[in-house]
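Structure record follows, encoded as structure tokens.
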Amino acid sequence: MEYDVVVIGGGHAGVEASIASARMGCATLLITGNVDYLGEMSCNPSVGGVAKGTIVREIDALGGVMGRIADAAGIQFRVLNKSKGIAVHGLRAQVDRFRYRDLVREAVLACDGLSLLQDMVVDLAPEGSSWRLSTECGTTVVAKRCVFTVGTFLEGCAHIGAQTVSCGRMGERASTGLAHRLEQLGLRAGRLKTGTPARVHRDSIDYSALTPQRGDTTPVPFSYATNKPLTNDALCWELRTNSKTHEIIRNNLHRSPVYGLQSVQGVGPRYCPSIEDKLVRFGDRSGHGLFLEPEGNGRPEMYVSGFSTGLPVAVQEQMLRSLSGFSQARMIKPAYAIEYVYFCPNQLNRTLESRVLPGVYFAGQINGTSGYEEAAGQGLLAGINAAQAVRGKEPLVLRRDEAYLGVLVDDLVVKGTEEPYRMFTSRAEYRLLLRYDTCDERLMPLGVAVGLVSSEVYASRQAVWAEKEKLRTLLDSTTVGADAAASHTGVSITQGVRASVFLRRPEVSLLPVLAACGLCSSQYSSEVRAGVEADIKYAGFVKKHLEEIARNQRMETMCIPADISYADITGLLTESREKLSQVQPQTIGQASRVPGVTPADVSVLIMYITQLN
Ligand code: FAD
0 MEYDVVVIGG GHAGVEASIA SARMGCATLL ITGNVDYLGE MSCNPSVGGV
50 AKGTIVREID ALGGVMGRIA DAAGIQFRVL NKSKGIAVHG LRAQVDRFRY
100 RDLVREAVLA CDGLSLLQDM VVDLAPEGSS WRLSTECGTT VVAKRCVFTV
150 GTFLEGCAHI GAQTVSCGRM GERASTGLAH RLEQLGLRAG RLKTGTPARV
200 HRDSIDYSAL TPQRGDTTPV PFSYATNKPL TNDALCWELR TNSKTHEIIR
250 NNLHRSPVYG LQSVQGVGPR YCPSIEDKLV RFGDRSGHGL FLEPEGNGRP
300 EMYVSGFSTG LPVAVQEQML RSLSGFSQAR MIKPAYAIEY VYFCPNQLNR
350 TLESRVLPGV YFAGQINGTS GYEEAAGQGL LAGINAAQAV RGKEPLVLRR
400 DEAYLGVLVD DLVVKGTEEP YRMFTSRAEY RLLLRYDTCD ERLMPLGVAV
450 GLVSSEVYAS RQAVWAEKEK LRTLLDSTTV GADAAASHTG VSITQGVRAS
500 VFLRRPEVSL LPVLAACGLC SSQYSSEVRA GVEADIKYAG FVKKHLEEIA
550 RNQRMETMCI PADISYADIT GLLTESREKL SQVQPQTIGQ ASRVPGVTPA
600 DVSVLIMYIT QLN
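In numbering that gives the first Met the number 0, the protein residues as written are 0 to 612.
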């Protein structure tokens, strides 16, 4: 059998990659270990969060499926960080993970041009300019391009106390042998670790001891295509660990696979520590915040967020029962730590294609990232680029000032990662340009260009952009008088001023300004009003960012020849020479971000390349 694109692994990355490639007209095959677990949420039953929620919207704007499915499977929606500026707001949904999985499966099965096969890929070998993939059931397929999205499954191993279980995640077999094969083909691998908390029975908890947390009064969807009301009635619950919990953990640290037994070698995520990590690192705290979250509507499983551990099951039970409201808690699934092989992502180029194995793309947890959103975003880009390559078209490469996905890919391919990489707003130097409410304006034209965004959705967004433009023009051409300003906003000004200029003042907001100008606010949707208000408030900072981007543009886009020999460039520090040879940046901008490379090295490199030309 021969396909244009074969995607290996049906997690969040593989689903986006395979659907995108098929929708772009490529004959596509998705091979995955278990077709009943397509889009499985291995850990938290939620999508989004700060920065991650913006990634989901970016995926949606480019034509991916995660946002639409999260909206349909969501049971509680919140905008996080609302007390802070809009640039760091984050959309988040508690999700019925069983419904999410069903909807992903439906989307895959309904996708024209996409074939699905349950099997495990065990080998990869070149066949002319294509790749031959072999499975454990004896099938062989040839792919012009293939995309590996095998998540935590490569030589995966779960740890609970002294017990170790070979698996990709509990209940699903690990992928054995494939990692070794990829290493034989010349790829550098490493080992990482993550973990998941226990699930407890809903009816075994005394909720009077916990603090409820509700969804927002007006829930905001992820997807620009969602036009149905969102389900938003689930409750989550806040609670804290206490001195008893800490005592149990301390007394059993010697039974932890990380601390006492030292059976885990993989590096874990610093920002998403296990409960024993929290105690070891921040031991003097009286308690650590936890959330109890439903895994589905009407389902018994509750997820104890923040309580991931690798301690033995009997200890986990004691730990759970020490929590307020949990004295009768019944555990349904134990917590565990998982270790797996990943491939260092600085072996990829900006399209997520391997530099070592041309035609082979990598996306998701296999690249050292953690999180459904990061995986889905990479999967979408890898799927688009594999399909673009088959179609003989230009790849889609997003810039750092254009999308969180641009930051993600650039960080991975330039800096690599030695611990699970998760997106934060602080990773983006131009985060004011990457607001969650501007994903459509930033990226939808690109989604349309590659053929993944429908004309109806695009037309509906263009109508919103036109409304924003109308309101901006109105505010630019209307004057607020001194008397009206004082009576509607309480701010005194000596003379009339343009409404858009007046609105830049931090103490002034849009609705009173519209009232002061005698303009009707209700003809503009709350989305249009919020977007225009943020545009005007941030205009000064954005202008500075844009000037800086324009200044750096030459450096950012100046290409480094693929066959450059860093050994031949005199004046480079030895360490920089080694790092640059290893990373092989494609532009001077990328070279400047390689850890250890100094501004002086960058100047030497620019001079060298200028002389070559
Ligand atoms: P996955 O979702 O892992 O999907 C991989 C897919 O590949 C599976 O469907 C599998 O069947 C298939 N597959 C594997 N090998 C083969 C093969 N050889 N042939 C064919 N198919 C194959 N993320 C967080 O953000 N926070 C957390 O706290 C967190 N904790 C986690 C805890 C655990 C125990 C696990 C397992 C994961 C955790 N994650 C967490 C990670 C999160 O689940 C992943 O980031 C996300 O699912 C990665 O998506 P993916 O598509 O890359 O891979």
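All C-beta atoms, glycine included, are put in the ideal place defined by N, C-alpha and C.
Within the region 194-256, the complete alpha helix (DSSP H) runs of at least 4 residues fall at 242-251. G155 sits away from G170, with the two beta carbons spaced by 7 Å or more.
With a threshold of 6 Å, the Cβ atom of H287 does not count as near ligand 1, since no heavy atom of the ligand is closer than that. For S255, the CB contacts under 7 Å within the same chain, skipping 5 residues up- and downstream, are E275, G309, L310 in chain order.
Distance from Y341 to G189 at the Cβ level is roughly 6 Å; contact confirmed, criterion being Cβ atoms closer than 8 Å. Around the C-beta of M606, fewer than 16 other C-beta atoms lie within 10 Å, and the residue is accordingly described as exposed.
By the Cβ test, the region 416-425 is not in contact with the region 524-543, since fewer than three Cβ pairs between them sit closer than 8 Å. Annotation for C271: no beta strand (DSSP E) segment contains it, and DSSP assigns it neither H nor E. Exclusion of F501 from the 6 Å shell around ligand 1 follows from its C-beta lying no nearer than that to any non-hydrogen atom of the ligand.
A heavy atom of ligand 1 is found nearer than 6 Å to the CB of T148.
Here the alpha carbon of R213 sits roughly 8 Å from the alpha carbon of R77. Using a Cβ distance threshold of 7 Å, V146 and A385 count as a contacting pair. Secondary structure of A448 (DSSP, three-state): helix. Placement of the Cβ of T163 at a distance of 6 Å or more from every heavy atom of ligand 1 is found. For A124, the enclosing beta strand (DSSP E) has its first and last residue at 120-126. In terms of side-chain proximity, the C-beta atom of A12 is found nearer than 6 Å to a non-hydrogen atom of ligand 1. In chain order, N348, R349, C558, I559 place their CB closer than 7 Å to the CB of Q585, counting only its own chain and leaving out the 5 sequence neighbours on each side. Contact between the region 351-368 and the region 278-295 is absent, with fewer than three C-beta pairs closer than 8 Å. Ranked by Cα distance from L116, the first of R104, I30, Q264 is I30. About 5 Å separates the beta carbons of V120 and L132, which is inside the 8 Å limit, making them a contact pair. In this structure, the C-beta of Y371 approaches ligand 1 to less than 6 Å from one of its heavy atoms.
Within the region 463-551, the complete alpha helix (DSSP H) runs of at least 4 residues fall at 481-488, 498-501, 509-515. When distances are taken from the beta-carbon of Q183 to the heavy atoms of ligand 1, even the shortest one reaches 6 Å or more. A161 sits in coil when the DSSP states are folded into three classes, being neither helix nor strand. Annotation for D3: the continuous beta strand (DSSP E) segment containing it runs 1-7. For T53, the enclosing alpha helix (DSSP H) begins and ends at 51-61. Taking a C-beta distance under 7 Å as the contact criterion, A462 and E57 do not qualify as a contact pair.
Only buried fits D400, as 16 or more other CB atoms lie within 10 angstroms of its CB.
Of all alpha-carbon atoms in A21, P293, M40, the one lying nearest the alpha-carbon of S369 is that of M40. In the structure shown, F290 falls within a strand segment according to DSSP collapsed to helix, strand and coil. Taken through DSSP and simplified to helix, strand or coil, R421 comes out as coil. In the three-state reduction of the DSSP assignment, C136 falls in the coil class. The DSSP-derived three-state label of K414 is helix. As computed with DSSP, G189 is found in a beta bridge with Y341.
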